[in-house]
Structures are given as C-alpha cells and as structure tokens.
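Colleague:
In full-length UniProt numbering, the protein residues as written are 1 to 234.
1. Starting from residue 97, follow its DSSP beta bridges and name the residues at the other end.
2. Whether or not the stretch 92–100 and the stretch 113–130 are in contact is what I'm after, with contact meaning three or more pairs of Cβ atoms, one per stretch, closer than 8 Å; do they touch?
3. Just to confirm, are residue 161 and residue 92 a CB contact at a threshold of 8 Å?
4. Considering only DSSP beta bridges, list what residue 49 is partnered with.
5. Could you have a look at residue 67 and say whether DSSP puts it in helix, strand or coil?
6. If distances are taken between C-alpha atoms only, which option among 170, 125, 163 and 35 comes closest to residue 142?
7. Contact between the stretch 44–57 and the stretch 186–201: three or more CB pairs below 8 Å?
8. Leaving out five residues on either side along the sequence, give the residues of the same chain with a beta carbon under 6 Å from the beta carbon of residue 27.
9. Tell me the DSSP secondary structure of residue 55 in three-state form.
10. With DSSP collapsed to three states, give me the class of residue 124.
11. Could you name the residues of the same chain whose beta carbon sits closer than 8 Å to that of residue 108, not counting the 5 residues immediately before and after it, in chain order?
12. Considering only their Cβ atoms, is the gap separating residue 211 from residue 139 smaller than 8 Å?
13. Taking residue 172 as the reference, give the member of 214, 184 and 205 with the closest Cα.
14. Could you pull out every unbroken beta strand (DSSP E) segment of at least 3 residues lying fully inside the stretch 141–171, listed in chain order?
15. Is it right to say residue 131 is buried, meaning 16 or more other beta carbons lie within 10 angstroms of its own, or is it exposed?
16. Checking the sheet assignment: what are the DSSP bridge partners for residue 175?
17. Note down, in chain order, each residue of its chain lying with its Cβ closer than 6 Å to the Cβ of residue 63, except the 5 sequence neighbours on either side.
18. Looking at the structure shown, is residue 40 part of a helix, part of a strand, or coil, going by DSSP?
19. Tell me whether residue 108, by its Cβ, gets closer than 7 Å to a heavy atom of the ligand COA.
20. Can the beta-carbon of residue 155 be found less than 8 Å from the beta-carbon of residue 74?
21. Among 54, 86 and 106, which residue has its Cα nearest to the Cα of residue 235?
22. Per DSSP, residue 80 forms a beta bridge with which residues?
23. Taking the alpha carbon of residue 66 as the point to measure from, which residue in 34, 56 and 42 has its own alpha carbon closest?
Rendered as structure tokens:
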C-alpha cells in the first residue's frame with residue numbers, strides 16, 4: 001500500500017513538472033505574441049526618461065502610472081500613462097520589459113503592434129515642432145537592459161535608439177504619434193512594423209529586453225496612454 005502511494009505521488013509530481021516545463025517553454029514557440037493590455041497590472045513593463053541634462057532634472061515633470069483611458073475614450077480600459085515636459089527638446093520617454101525562455105544566442109524577428117491614445121493632430125503647431133508629427137514612436141529589443149546613464153551632466157540611453165526621426169541599431173521608428181483628427185481630443189492610434197521586422201539576438205540566458213518609446217522634438221507637455229503592446233517573435 002505504501003509503495004502504491006509513493007508511486008502515485010512520484011507520478012503526480014512528474015506530471016506537474018512536465019506541465020510546468022511546457023508552460024515555461026511556451027514563449028519559445030514560433031510566432032507566439034507577447035500581449036499586454038494592462039487590464040490587471042503593468043505586465044512587467046516599467047517606464048523611464050532620458051536625453052536631458054542634470055540642470056533640467058527637476059523640471060522634466062516626468063510621471064507614469066497604470067490608468068484608465070482618458071475621455072472621450074472608454075475609461076474602464078486600462079493603459080500605461082506616460083508623461084513629461086520636454087525641456088531639453090530631445091526627451092525620450094520609454095517603456096521596457098524583459099522576455100525570458102527564449103533560445104540562447106539566437107536571432108529573432110520581432111513585430112510590434114502598438115495601440116495608444118494620442119490627442120495631437122498631424123498638423124498641430126508647437127514650440128520646437130509639432131506635438132503630433134514631431135514626436136516619433138520607436139520600438140526595439142536588446143540582449144542587455146535599457147538603462148539611463150549619466151555622462152558629463154547628461155542622461156542618455158545605453159542603447160543606440162537613433163536621434164529623433166532616425167533609426168538606431170537597437171530601435172526603429174514606427175512613425176509619429178499624430179492622430180488623424182484635426183481637433184485636439186484623445187483617439188486610439190495603431191502603429192506596427194509588420195512590413196519591417198526588427199531583428200535582435202537573445203543573450204546567453206535566452207533573454208531579450210523589449211523597448212517602446214517616443215523621441216520628441218516638441219518642447220512641451222506630452223501625455224500618452226499605451227493601451228496595448230503586442231510583440232511577436234519568430
């Protein structure tokens with residue numbers, strides 16, 4: 001009887017372990033998307049800002065939070081709100097998330113599908129540039145974590161994201177954040193790099209850091225709400 005119970009317990013533990021392994025291996029399946037809609041939490045995404053001097057540190061007015069979509073949109077839908085006053089004329093507000101369970105040292109093609117709420121018309125006019133067409137949405141990935149670095153009194157990103165409307169080694173543009181409406185009201189806009197997958201190589205631990213951000217040439221307040229971030233790896 002004891003032998004039977006022991007065998008049953010071993011089998012149960014083995015089946016649980018196999019099931020857990022299969023769940024952990026799910027992200028390595030080709031074409032599986034990482035989907036974040038922020039209904040329950042931030043889903044591992046964190047926010048930061050770079051490209052400004054230490055003299056401007058206390059006037060950038062940077063903030064981020066999980067929040068409902070703004071009016072006139074459905075406020076019951078959650079999002080990641082990110083906001084700053086671009087005192088440097090070059091602010092880069094970004095979100096990052098670590099993906100694990102990938103094959104080590106392997107090249108992946110990444111397709112980002114981004115939905116966010118923006119209230120800035122294409123033809124809007126502002127100091128330094130348009131609040132809509134002079135703020136560029138960028139996405140990318142890296143085997144190392146995107147972090148803010150201080151050098152010679154200036155905070156910059158440790159990755160090559162490119163300058164404003166230029167691509168970099170570690171990030172590419174998906175266009176700008178302009179809405180199609182001529183009036184300043186929040187509208188959901190979608191951006192994707194389906195036609196131009198981004199290639200990044202995982203590190204020796206099978207990890208990649210995802211990067212989504214805005215490179216701004218508009219010297220004013222920008223407030224955006226990311227309502228969905230989907231990333232497919234192949």
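Built from N, CA and C at the ideal position, the CB exists for glycine as well.
Modeller: This is what the structure holds:
1. 210
2. no
3. yes
4. 93
5. strand
6. 170
7. no
8. With a pLDDT of only 45 at residue 27, under the threshold of 50, the placement of this residue in the model should not be trusted; the figure read from the coordinates follows. If we look at residue 27 and ignore the five residues flanking it on each side, its Cβ neighbours are 101.
9. helix
10. coil
11. 102, 141, 199, 200, 201, 202, 208, 233 and 234
12. yes
13. 214
14. 148–151 and 154–157
15. buried
16. 137
17. 83
18. coil
19. As presented, the structure is devoid of all ligands, the ligand COA included, so that no description of it is given.
20. no
21. In the structure as shown, the chain begins at 1 and stops at 234. Residue 235 is therefore absent and cannot be evaluated.
22. 66 and 226
23. 42
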